[in-house]
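Report on the structure given below.
Residue numbers (UniProt numbering): 1 to 174.
Below, the structure is given as structure tokens:
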């Protein structure tokens, strides 16, 4: 049963890696074609922006490509490779690849303004971290103030406060 799961993982990884490479060639080929034929686009910026996704792509190739022993019809699965659908760092790397592809296509169509799209995710992360930090800081600064002017009314419900205000039916403790 385990061998069947390994074979399924190997087939899934091989198909996913082939798809990854074909889409990557298509996206980068589209950028190069548009920059060569229609507009002059910065190839230096393209290479710098594409470098992280290409590194991730080759990393996926090295860890997830199935390894076989033997030749021809007698190939036997040696190693299925790592699961490309794993959570955590692998998922983050897929996001990096997808976001780079979106940015490259936007830069091919929209020019130099498309490259600024690559900054959106880190800028949002910084904004989210700042608002979280400043909210926590404000919450911590309010902890030392105590109950101040509320006094004894803090532990009463509205009904109890009304009854005491009217002067009737006070709680008697034994």
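Each residue gets a CB set at the ideal place from its N, CA and C atoms; glycine is no exception.
Among the candidates the options, whose CA atom is the shortest distance from the CA of residue i?
i: residue 85; options: 129, 119, 115, 95; result: 95
i: residue 82; options: 10, 93, 167, 156; result: 10
i: residue 21; options: 54, 115, 6, 7; result: 54
i: residue 48; options: 93, 104, 12; result: 104
i: residue 196; options: 44, 57, 40, 167; result: It is not possible to answer for residue 196, since the shown part of the chain is limited to 1 through 174.
i: residue 51; options: 112, 132, 37, 93; result: 93
Closer than 7 Å to a non-hydrogen atom of the ligand FMN - does that hold for the CB of residue i?
i: residue 57; result: No copy of the ligand FMN appears in this structure; indeed no ligand is present at all.
Sorted by chain position, which residues of the same chain lie with C-beta nearer than 7 Å to residue i's C-beta, five sequence neighbours on each side aside?
i: residue 148; result: Low local confidence applies: a pLDDT of 48 at residue 148 is under 50, so the model's placement there is unreliable, with the coordinate-based value given in what follows. Counting only Cβ-Cβ distances below 7 Å, and skipping sequence neighbours, we find nothing.
Per DSSP, residue i forms a beta bridge with which residues?
i: residue 100; result: Partner(s): none; residue 100 has no beta bridge.
i: residue 68; result: 77
Grab me the residues of residue i's own chain with a C-beta within less than 8 Å of its C-beta, minus the 5 sequence neighbours each way, in chain order.
i: residue 17; result: 60, 61, 64, 65, 84
i: residue 102; result: 117
i: residue 165; result: none
Under 6 Å Cβ to Cβ from residue i, same chain only, skipping five residues before and after it: list those, please.
i: residue 106; result: 114, 117
Q: Could you tell me whether the segment 118–125 touches the segment 74–82, where touching means 3 or more Cβ pairs closer than 8 Å?
A: no
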